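Residue numbers (the numbering used here): 527 to 732.
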């Protein structure tokens, strides 16, 4: 049986600790809100010292922002790492997966909590903006690459397209959190299909 080297274990340990911190933060922030959580609370829930937290994050705002980013990570990564000709389907899947379900996930609830808290907390606003901007750039890069590959129209701004597609799901989450009865998922999917279809370059006439 192959054994991992001690060095490999040491490299992996920070990743494990960070994952535990983020999981604990998601739970606690979702349960108590940003103002109701202390660094010690997260350390206790994760089973680490407060020093372990500060070795990964300079302040509570940075930790909340990183945890909130998890709400969009799956969709963003699915869009950012598609193969040639697959971006339209990935965009559609990402949007409709966000719209599915009647209740917010803990990660989605945390993202909305972070957005609200960021309005009154400049440090959090800066940290959250950086986290969401980093993920936005992944989406924008995928759209720009698809334009260059001839998959998407080149007469539309990649910034504007990415901005719309990136923020539309967050708007859906906001409506759900406010208790608005959204449209049927099939109807919503049809709208997204129309949007994505409008972005694609139509096939050449035979």
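For glycine and all other residues, C-beta sits at the position ideal for the given N, C-alpha and C. Only a predicted model underlies this, so the values are computations on that prediction, with no experimental measurement involved.
- As the crow flies, the alpha-carbon of residue 543 is around 21 Å from that of residue 598.
- If you draw a straight line from the Cα of residue 624 to the Cα of residue 705, it is about 16 Å long.
- As summarised for the segment 610-646, the continuous alpha helix (DSSP H) elements at least 4 residues long and confined to that stretch are 613-625, 632-644, given in chain order.
- The beta carbon of residue 640 lies closer than 6 Å to those of 590, 594, 654 in the same chain, with the five residues before and after it left out.
- In terms of CA proximity to residue 663, 689 leads the group 647, 680, 689.
- Per DSSP, residue 665 is one residue of the alpha helix (DSSP H) stretching across 648-674.
- The three-state secondary structure of residue 678, taken from DSSP, is strand.
- In this structure, residue 601 sits near residue 695, with a CB-CB distance shorter than 8 Å.
- Nearest C-alpha to residue 566 among 547, 556, 557: 547.
- Note that the C-beta distance between residue 587 and residue 647 is below 8 Å.
- Per DSSP, the unbroken alpha helix (DSSP H) holding residue 600 starts and ends at 586-606.
- Where residue 691 is concerned, the enclosing alpha helix (DSSP H) starts and stops at 684-703.
- Nearest Cα to residue 672 within the set 584, 714, 709, 612: 612.
- The residue among 657, 676, 687 with its C-alpha nearest the C-alpha of residue 666 is 687.
- With a threshold of 16 other beta carbon atoms within 10 Å, residue 556 meets it and is buried.
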